[in-house]
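J.:
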Amino acid sequence: MPKQPNSHIANAAPTSSVPTGYDEDRMLTYIRLLDASAEGTDWREVARIVLHIDPEREPERAFRAWATHLARARWMTRKRNELRQLHDEWWG
1427 MPKQPNSHIA NAAPTSSVPT GYDEDRMLTY IRLLDASAEG TDWREVARIV LHIDPEREPE
1487 RAFRAWATHL ARARWMTRKR NELRQLHDEW WG
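Reading the sequence shown from the start, the letters are residues 1427 to 1518 in my numbering.
(1) Given this structure, state the Cα-to-Cα distance separating A1436 from L1477, to the nearest angstrom.
(2) Are the beta-carbon atoms of V1444 and L1459 separated by less than 8 angstroms?
(3) For the alpha helix (DSSP H) that contains E1471, what are its first and last residues?
(4) Taking DSSP as the reference, what is the three-state secondary structure of G1466?
(5) Can you grab the Cα-Cα spacing for the pair W1469 / W1492, in whole Å?
(6) Mapping the DSSP letters down to three states, classify K1429 as helix, strand or coil.
(7) Between which two residues does the alpha helix (DSSP H) holding D1480 run?
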């Protein structure tokens, strides 16, 4: 049975220097976090809707999960852009 998107959100996103299986499984989550950030959505609403963590019951966990997953989403975007640029330089 395939995993459901957001089936489990860790308390903090990975910090590995390479994308992980967790990252791959959370691509939709990362996209939703980036979209919400671009729209200026309050982090508490994002934690509740995207990460499925209640910021009123678990404020520290919700904030940490939101902040680290958003940072990871931004990192993944930068990495993708770096790889694309490197590819273009090598293969034009």
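Don't be surprised by glycine CBs; every beta carbon is placed ideally from N, CA and C.
T.: Concretely, from the data shown:
(1) 9 angstroms
(2) no
(3) 1469-1475
(4) coil
(5) 7 angstroms
(6) The predicted position of K1429 is uncertain, since its pLDDT is 46 and thus under 50; no value can be drawn from it.
(7) From DSSP, D1480 is part of no alpha helix (DSSP H); its letter is neither H nor E.
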